[in-house]
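K.L.:
The structure is given below, and queries will be raised subsequently.
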Amino acid sequence: MTLPKHVYQAFEDVVGAVNISDDPAVLDSYRYSLAHTAIHLGPFYNTYTPRGAAVLLPGSAKEVQAIVKLCNKYRIKFKASSTFWSAQGYPSEEDTIQLDMRRMDRILELDEKNMFAVVEPGVIGATLQAEAMKVGLNTHIPGSGCSCSVLASATSYFGSGPSNLYGGCYYDNLLGLEWVMPTGEILRTGSVNSTGSWFCGEGPGPSMKGVARGFLGAKGSMGVFTKCAIKLFAWPGPKTLPVEGVIPAYKVSLPETFRAYTLAFPSWKAWADAAHLIWDTGIGYLAHRQFNMFGRDLKFAMVKILTDPTKTLGDLEEVLADPEVQRITKQSERDFQIILVGMTARDIAWQDAALDEILNRTDGWKVEAMNVPEIHDWVLLYLIRLGHKNLNLVFSGGYDGAFGLLGAMDYGAAHAEEAAQFKKTWEKRGAIVDAGGDCMMGPIGGQGGGGTGLWENFTCFDPHDRESVEGTLEFFDACTKLGLEKGWGVGMEKWNSVARGSDGRTTPKAERDRMHLSAPQPSVFRYQHKIREAFNPNDLGDAYYETLEDE
Amino acid sequence: MALKDFAAEMDRCSVCSYCKWIPFDQMKSWRFAKNCPSVAYYNFNSYSARGRYAVARSLLNEQSEYSDTVRNIVHTCMTCGACDVSCKVCRYNLEPLEMVRELKFSLVEAEQVLDQHEALIASLNQEHNILHKPKSERGAWADGLDVARLPSEKAEILFHAGCRLSYDEDLQKTAVSAVQLLKSMGVDVGILGEKEMCCGGRVYSMGYRDEFNHFADLNMKVWANAGVKTVVTACADCYHAFKRLYPPLGSQVEVLHMVEFIERLIQQGKLRFRSEVPMTVTYHDPCHLGRQGEPYVPWNGVEKKIKGQIIVYEPNKPRYNGAWGVYDPPRNILRSIPGVKLVEMERIREYSWCCGAGGGVREAYPEFSAWTAAERIAEAKATGAEALVSACPWCERNFMDSISATGAGLQVYDVLALVEKAL
Ligand code: SF4
Ligand code: SF4
Chain A
2 MTLPKHVYQA
12 FEDVVGAVNI
22 SDDPAVLDSY
32 RYSLAHTAIH
42 LGPFYNTYTP
52 RGAAVLLPGS
62 AKEVQAIVKL
72 CNKYRIKFKA
82 SSTFWSAQGY
92 PSEEDTIQLD
102 MRRMDRILEL
112 DEKNMFAVVE
122 PGVIGATLQA
132 EAMKVGLNTH
142 IPGSGCSCSV
152 LASATSYFGS
162 GPSNLYGGCY
172 YDNLLGLEWV
182 MPTGEILRTG
192 SVNSTGSWFC
202 GEGPGPSMKG
212 VARGFLGAKG
222 SMGVFTKCAI
232 KLFAWPGPKT
242 LPVEGVIPAY
252 KVSLPETFRA
262 YTLAFPSWKA
272 WADAAHLIWD
282 TGIGYLAHRQ
292 FNMFGRDLKF
302 AMVKILTDPT
312 KTLGDLEEVL
322 ADPEVQRITK
332 QSERDFQIIL
342 VGMTARDIAW
352 QDAALDEILN
362 RTDGWKVEAM
372 NVPEIHDWVL
382 LYLIRLGHKN
392 LNLVFSGGYD
402 GAFGLLGAMD
412 YGAAHAEEAA
422 QFKKTWEKRG
432 AIVDAGGDCM
442 MGPIGGQGGG
452 GTGLWENFTC
462 FDPHDRESVE
472 GTLEFFDACT
482 KLGLEKGWGV
492 GMEKWNSVAR
502 GSDGRTTPKA
512 ERDRMHLSAP
522 QPSVFRYQHK
532 IREAFNPNDL
542 GDAYYETLED
552 E
Chain B
50 MALKDFAAEM
60 DRCSVCSYCK
70 WIPFDQMKSW
80 RFAKNCPSVA
90 YYNFNSYSAR
100 GRYAVARSLL
110 NEQSEYSDTV
120 RNIVHTCMTC
130 GACDVSCKVC
140 RYNLEPLEMV
150 RELKFSLVEA
160 EQVLDQHEAL
170 IASLNQEHNI
180 LHKPKSERGA
190 WADGLDVARL
200 PSEKAEILFH
210 AGCRLSYDED
220 LQKTAVSAVQ
230 LLKSMGVDVG
240 ILGEKEMCCG
250 GRVYSMGYRD
260 EFNHFADLNM
270 KVWANAGVKT
280 VVTACADCYH
290 AFKRLYPPLG
300 SQVEVLHMVE
310 FIERLIQQGK
320 LRFRSEVPMT
330 VTYHDPCHLG
340 RQGEPYVPWN
350 GVEKKIKGQI
360 IVYEPNKPRY
370 NGAWGVYDPP
380 RNILRSIPGV
390 KLVEMERIRE
400 YSWCCGAGGG
410 VREAYPEFSA
420 WTAAERIAEA
430 KATGAEALVS
440 ACPWCERNFM
450 DSISATGAGL
460 QVYDVLALVE
470 KAL
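One line per chain: the protein sequences are A and B, in this order.
When the letters of the first sequence are read in order and numbered with our numbering, they come out as residues 2 to 552.
When the letters of the second sequence are read in order and numbered with our numbering, they come out as residues 50 to 472.
Dropping the structure here:
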């Protein structure tokens, strides 16, 4: 749809002519191809999220408020997104106005004493981390990486990641909020509303955090968050990361109190036990099963390539043929990475000793080949900054997660291997990358402090190749079928099918209701329905704010 | 290549937006974290590499048509290559810089051009330079210099001044210094003077591939007639054209930038600095000398898949990601000058911020170009340096213009100017 002239003009009057466009080519740069990763539904060849009616670049909460009021006046749906990592940040219904929040990108406050920052939507994990480090603090970075908006991850998505272990996940870390509600009123939640300071997520009165976020984040469907405060945590390292090395093998040498270990275990049970012991002892700064995303068979070869600037993906087969690489690959089948950071020399000595004892009790070991300086320092930088998430797509530009989700670490013992072997048989058919079946990755500690795991089995394919895309979808359907048969439940591959269909559009209401009713806790969606009725009376968002209306 | 040859890449670009930022590992602050001038200035996705992939696909699939907006999207790309470096931190099978260039070629072929660029092309065709100056005056900068004029005279090494150093009166001194230095070191150097022609590199970056090919051909013929085996230049654009763009067209001459030549002289002990130059300086890496200054590696291969769906090339494809650009020679020269203190900006080497003069932007979008330069000047000033030093007259011109417009209070030098002071 093209907006009627007077409506376009009304929006233009708010943001100025240079910050609005309805040129088809511009609009097409705000569409998401469901061929390369649908996070997590497709892939669907040659399918895109719908073209918006216009893209607007607001510069202030006031402008956002005026836009939202106009959307209410003209009954136009709107969708705000900041860094556009996820497919869910794009409109899933026709004739939606896309708000690109990138102009609102200031760090408004960095309160060293009370350990929080106040940010606008366009602030990303990397820039907040760089600024926080200057005052001895650090920020959690979600699994989607440091290119993603801090505010979006905290307010609108799950926001889990490797540093959950020590730094808490974004849901926990979200403090005060400024929310342009779907009707256009502005609500400030937490202490900022009563004291003017952002230090606390809850103010006097009922909690608004759950109302504003909804289950797993409202994904731009319930108004626009224009500011938020984020809790920070201690960073006992240098003010600026002293990065060295030739691109892409950047690495960082940090003080004696930093460690980057790859741990491996003889069985999945030992692997899960180690995670429990790590949580119990309270050691670790961040922990992640990271490089296994390349696949059990390819991970060490990929580490060798990525840490050597003279090598490329084209050297993979040659590297894999190296007997030493094969030995390390075998040695690190069931592994994860952990970064230990000592606040003092005594602290790191204690953590090291505790980790050794954990390995002793679980018969685990440190993969020494990952501890040579050029790899150790690369891992350290990789995991602290989390700035290589595009490696998810390194093989051919398409990936999506299968199986997995959030749950007890014992899933490893329960079904990781079976799922891996199942995937391996599909890899041999050729549609997806043949990586060894087990490509499961995720944080060791799916939420603040640990306690659960979060995982997905990376499935890599070529989004330009119809057979690869369709073969991947077939595989995903098979994963869901297997998951249901085995009682593991529906995995990540179908996470969002409730909200969006194979045409990239919102699924019909009846279909959504049916799926929500079969969820373990349908009342969550009934409750969200009531919230939407109260806060979004004109229903100007999309189905990513999930509701159930069955009574 | 044609735009349709990039169709696979258009699908394989993961819209991750890494191309909007310097490599994340290198980020030191909020202020200097961005890398792509055009998306930093215009903000819509379409002004980034990821957006240009999407716009290209939209045009290719006839989902959108040429418009003023599309022309602006394409021609505001500086072809600085910063996106390319950031993308390739993770990706081995995408070539964003080649794609944005190809998008420009396709628009020019479709006559989706800008008046300012057309005027410049007219100057190129008539006067063999892109500055609207008479070709008869091209060698005037060297009047009075005792230097051989090729091809009537002979010399071992050709010094190619380039359009900017030939005609820009504020900058001609760099060419003069270069020749004087080479001569004082006993180098058998000559120039083409009024017979010199534009390298074509800048029109290539504006999308005029045919004109580039034509001028490359002319230059290579002149060199062949004059028996040139080595070309030295003090212009990063010319360097890039000769070093990277000419070899696929058959050029086999050795190409050196003055900073490489001088560094070599220092290393050989032939050049020693005697005078103190008490100055705190910072160095700006020109895109075409730094990340785009990597040597050309011939390749003629095809895509293939291994492990089912991993995209690689047969034979292995050379990787241009800025790893091996010319970064250290200028720094080594500056460090060897007594009294000079080199302080670094946040965005350096392969992830340097562009000066704003590239891709025809200076000519067609002067405000945007000046803003880009001002961003760099702010970064330079944040180091505490009193001078911004570079090795490209186009960068220097853009910085000088920005400083005189804003009164930013920073001096601009070419590396050669400091070398001259230190002799
Ligand atoms: S061009 Fe590269 S960096 Fe940019 S979005 Fe595409 S894959 Fe990511
Ligand atoms: S070449 Fe430069 S201006 Fe063009 S898209 Fe890449 S970073 Fe942006």
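Just so it is clear, CB atoms sit at the ideal spot from N, CA and C, and this is done for glycine as well.
1) Is residue 255 of chain B close to ligand 2? I mean its beta-carbon at under 7 Å from any heavy atom of the ligand.
2) Take residue 88 of chain B and list the residues in its own chain whose beta-carbon comes closer than 6 Å to its own, dropping the five residues that flank it on each side.
3) Note the first and the last residue of the continuous alpha helix (DSSP H) segment covering residue 126 of chain A.
4) Ignoring anything shorter than 3 residues or poking outside the segment 162-225 of chain A, list the beta strand (DSSP E) runs there in chain order.
5) Residue 538 of chain A to residue 199 of chain A, Cα distance in whole Å?
6) Can you tell me whether residue 526 of chain A is helix, strand or coil according to DSSP?
7) Hey, would you say residue 273 of chain A sits closer than 8 Å to residue 410 of chain A, going by beta carbons?
8) In terms of DSSP beta bridges, what is residue 359 of chain B paired with?
9) Quick test of the definition: if touching needs 3 or more C-beta pairs under 8 Å, does the segment 509-519 of chain A touch the segment 43-52 of chain A?
10) Would you say residue 37 of chain A and residue 399 of chain A are within 8 Å of each other, going by their C-beta atoms?
11) Should residue 141 of chain A go down as buried or exposed, given a rule of 16 or more other Cβ atoms within 10 Å for buried?
12) Would the C-beta of residue 128 of chain B count as close to ligand 2, meaning under 7 Å from any of its heavy atoms?
13) For residue 426 of chain A and residue 482 of chain A, what's the separation of their Cα atoms in angstroms?
14) For residue 386 of chain A, would you say it is in contact with chain B, using Cβ-to-Cβ distances shorter than 8 Å as the test?
15) If we count Cβ pairs, one from each stretch, closer than 8 Å, do we get three or more for the segment 234-250 of chain B versus the segment 273-288 of chain B?
16) Would residue 409 of chain B pass as an interface residue toward chain A - the criterion being a Cβ-Cβ separation below 8 Å?
17) Please identify the residue among B/467, B/428, B/321 and B/270 whose C-alpha is closest to the C-alpha of residue 327 of chain B.
18) Taking C-beta pairs closer than 8 Å, name the residues in chain B that residue 127 of chain A reaches, listed in chain order.
19) Can you tell me whether residue 271 of chain A is helix, strand or coil according to DSSP?
20) Please indicate yes or no: does the CB of residue 150 of chain B lie closer than 7 Å to some heavy atom of ligand 1?
21) Unbroken alpha helix (DSSP H) runs of length 4 or more, entirely within the segment 114-138 of chain B: which are they?
22) DSSP puts residue 442 of chain A in a beta bridge; with which residues?
23) Between the Cα of residue 193 of chain B and those of B/211, B/304 and B/228, spot the shortest distance and give me the residue it belongs to.
24) Ordered along the chain, which non-local residues of its own chain (more than five positions away) have a Cβ less than 8 Å from that of residue 435 of chain B?
25) Can you tell me which of the three DSSP states residue 229 of chain A falls into?
26) Tell me the rounded alpha-carbon separation between residue 261 of chain B and residue 176 of chain B.
27) Within 8 Å, do at least three Cβ pairs link the segment 337-344 of chain A to the segment 255-266 of chain A?
28) Please go through the same chain and pick out, in chain order, the residues whose beta-carbon is closer than 6 Å to the beta-carbon of residue 110 of chain A, but skip the five residues on each side of it.
29) Tell me the DSSP secondary structure of residue 306 of chain B in three-state form.
30) Can you find the residues in the same chain that come closer than 6 Å, C-beta to C-beta, to residue 504 of chain A, ignoring five residues on each side of it along the sequence?
31) With residue 332 of chain B and residue 267 of chain B assumed to form a contact (beta carbons below 8 Å), what rounded beta-carbon distance in angstroms separates them?
32) Would residue 60 of chain B and residue 464 of chain A qualify as a contact pair, given that the criterion is a beta-carbon distance under 8 Å?
33) Taking the CB atoms as reference points, tell me whether residue 282 of chain A and residue 355 of chain A lie closer together than 8 Å.
34) With burial defined as no fewer than 16 other Cβ atoms inside 10 Å of the residue's Cβ, what is the status of residue 3 of chain A: buried or exposed?
35) What in chain B is Cβ-close to residue 108 of chain A, meaning under 9 Å?
36) Taking buried to mean at least 16 other C-beta atoms within 10 Å of its own C-beta, is residue 246 of chain B buried or exposed?
P.N.:
In terms of the structure at hand:
1) no
2) 69, 96 and 97
3) 126-134
4) 175-181 and 187-190
5) 29 Å
6) helix
7) yes
8) B/355
9) no
10) yes
11) buried
12) yes
13) 15 Å
14) yes
15) yes
16) no
17) B/467
18) 70, 73, 76 and 82
19) helix
20) no
21) 117-124 and 131-136
22) A/457
23) B/228
24) 328, 329, 330, 459 and 460
25) strand
26) 15 Å
27) yes
28) 119
29) strand
30) none
31) Incorrect: roughly 33 Å between the Cβ atoms, too far for contact.
32) yes
33) yes
34) exposed
35) 79
36) buried
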